[in-house]
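Heads up, the thing below is written out as structure tokens.
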Amino acid sequence: MQGTPTEITSPPGGLGLFTFWDRLPPTMAAFLLLVFTLALAVLLRESSSPTTRTYLLFVTTSLAGVASTILFILADDPALVESIHPHLFAVITLLSPTIYQLAVLAGKRPSRARLKITLAWSSAACFMILHATHGWLFTNGVYEYAWGYVPKLTGAGLIWLFYKGVLMTLAALLIYRGYRDAAAGTAQRNRCRVLLIVVITVLLGGVGMLPSLGIAVPPILLASVAVQIALVTYVAIRYGLGEITPTKMAFHVLDTLSEALLVIDSDQKVHFANPAAKRLFNCLEPTRMSLDKVIEDPRLLDTILHSTHIGQASQTELPYTDNKGGQHRLRVSVNRPTVAWSSAPVTICVLTNLSENNEKSRRQHLSQRLSETLFALQETNSRLRNSSSRDPLTNLYNRRHMEGVLDRLCYATRQNNAYMSLVLIRLEPLHGLRVRFTEAEGNTLLRQTAIALEEIASRPSYIAARLGEDLFALALPNTTATEALHAAHRAEALIKTLTSDSGTPYPLDVAAGIATLPAAELGTGAAQALLYQAETCLQETTERRRRVLADRTAIDAQEDESPLNGGLS
């Protein structure tokens, strides 16, 4: 049976995008809702991973409510730019933990613990504000738009929009968490969450189609109602599962405020005081006490009572002496919003202890200076360690450090089941070079040699060191004998290309000794074995070169003394 949809007015100054849903027949609306649900089912079943399913369903189900909110806020209503009512201060004060948690969520990947905290704080703040302001918003004409009238968006309307925006954001978080748990979890209690997900999907997915059934209600109001129903259902299910306690969850919001917070009724009795207020006034249980019994300082008491009587928001700073003689300086912010707390107007008083803040600043300054001093000490210790382990001329590691670190390199190489190599390099003849070139140029040669060896030991695990006056070493973990031989040839080639400051090549030779051990032999004493084998190889190389040089010298002398040679000359 076809029904005739009732015409409704588009949002003031809006874009008129709701007329399509206004004229949609109920059967077509039901068909589109069925298609929407089937599309969600296909996404849930055919997506490649639980993470993909989570994000797709999160975006799809939250699209309707978020789009409605954005369209309503972007309407060209000039009243949106009116001044903000002082009541907004109280709302922002109550919602500050929620705003903080949402900002944290926006900056990092939501974790299970972070979502639980956000759910608790947001739900508590939203439900408290809904309970406290619902009757007042209704009587002041904010909900008149539900009957087709244009709302007067004063400060109360801005509060209402702010509150609905928070609800929309919270609903998106709830949908994300519910779909994530349903996609990844298999516990019995997840069945309740799956049922809740279906309810949220139907409500948010079909919220824009309900006006076609003849209901003269704008989509933005339907979306907000759907979100509130989803929130209540979610909290009820979690309460039934024993996961949350609504009372503790509600007051946890106010307990987390760093400022002292007092809620005072018309009879000047304290209805609520958070732990910061209890500490400030030295009262274990100030609730249900008269204000003059809680606050003994007459100046502070007169300030709060004066703002309460005139019914205007005020902020001032004044000294305060507690009942233990402690001296403080307080910033007092008093608001008397026309809200209902147990059907009675209340005054919200927020007190910031500036003396405590100054003490915190002083402690932070001292802490910063202490951190800087510790950092300077660490830098000094680092320089001292380097000076004890480095050669002062070349800035390479010295022999003591090399022998100490060689054991650790052998152990790490054994863990990798690889070869450990050590290359010893000696410059010959260094003493003759210093006699020929001067000591300064000899030191320049040593520094240039160190730079060349550091270039070869460019891997993070390689180490170059100076073991003696003319003796250098390259520790090469995870390196075979062939690779070590290649490194020795590179070192010899680089050193032979070195020149003095005047551009004269150094007439020197390079002798190298190489030792390599497999992983099976890199046990206790492997470092000493490597050093011994490399030194033995270096000594043999040096002796062999000296014999070759002596043989060549003898041959040259014999050729000079031969008659043939003399005859040719």
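full-length UniProt numbering applies: residue 1 is where the sequence shown begins, and numbers increase by one. Ideal Cβ positions, reconstructed from N, Cα and C, are used throughout, including at glycine. As the structure is a computational prediction, the values presented were derived from the model and not from experiment.
- M402 carries a helical assignment under DSSP once its states are collapsed to helix, strand and coil.
- If you look at T516, you'll find it in the beta strand (DSSP E) that goes D509 to L517.
- Proximity to V510 across L280, Q539 and V334 peaks at Q539, based on C-alpha coordinates.
- Under the three-state reduction of DSSP, C349 is assigned to strand.
- Taking L471 as reference, the option from K496, L424, A277 and L396 with the minimal CA-CA separation is L424.
- Segment contact: the region 398-408 against the region 485-494, fewer than three CB-CB distances shorter than 8 Å; contact not assigned.
- For A465, the enclosing beta strand (DSSP E) stretches over residues I463 to R466.
- The C-beta of A484 has 16 or more other C-beta atoms within 10 Å across all chains shown, which makes the residue buried.
- Assignment of S502 by DSSP, reduced to helix, strand and coil, places it in the coil class.
- The three-state secondary structure of P477, taken from DSSP, is strand.
- Bounds of any beta strand (DSSP E) do not take in L393, whose DSSP letter is neither H nor E.
- When the beta-carbon positions are compared, I514 and A473 stay at least 9 Å from each other.
- A Cβ-Cβ separation of about 15 Å leaves V350 out of contact with L291 under the 8 Å criterion.
- Taking a contact as a CB-CB distance under 8 Å, the pair L508 and E428 counts as one, their CB atoms being some 6 Å apart.
- In this structure the region 441-453 lies against the region 495-509, because at least three pairs of beta carbons, one per stretch, are closer than 8 Å.
- The straight-line gap separating the alpha-carbon atoms of L377 and N353 is approximately 36 Å.
- The Cβ atoms of C410 and A526 lie closer than 9 Å to each other.
- Taking the Cα of Q528 as reference, the smallest distance to any Cα among N416, R547, V405 and Q327 is reached at V405.
- Here Q533 carries a helix assignment [DSSP, helix/strand/coil].
- Put simply, the backbone Cα of T499 is about 40 Å away from that of N416.
- Within the same chain, L393 and T394 come within 7 Å of L446 by CB-CB distance, once the 5 residues on both sides are set aside.
- Here S388 is exposed, its C-beta having fewer than 16 other C-beta atoms within 10 Å.
- Closest option to L531, judged by alpha-carbon separation, among D322, M420, S382 and Q268: M420.
- Residue pairing for M289: DSSP places it in no beta bridge.
- By the beta-carbon neighbour count (other beta carbons within 10 angstroms, threshold 16), T536 is exposed.
- At a Cβ-Cβ threshold of 9 Å, P286 and A273 count as neighbours.
- Burial of F281 is indicated by the presence of at least 16 other C-beta atoms within 10 angstroms of its C-beta.
- When secondary structure is reduced to three states using DSSP, I304 falls in the helix class.
- Relative to the Cα of G326, the nearest Cα in the group V332, R279 and H306 belongs to R279.
- Excluding residues up to 5 positions away in sequence, L396, L453, E454, A457 and L474 lie with their Cβ nearer than 6 Å to the Cβ of A464 in the same chain.
- Nearest in C-alpha terms to N478, of all of P298, R331, L330 and L422, is L422.
- Rounded to the nearest whole angstrom, the CA to CA distance from L476 to R414 is 13 Å.
- For I295, there is no enclosing beta strand (DSSP E), since its DSSP letter is neither H nor E.
- For R459, there is no enclosing alpha helix (DSSP H), as DSSP gives it neither H nor E.
- Sorting T524, T373, T516 and A512 by C-alpha distance to the C-alpha of R544 places A512 at the top.
- In the displayed model, Q415 falls within a helix according to three-state DSSP.
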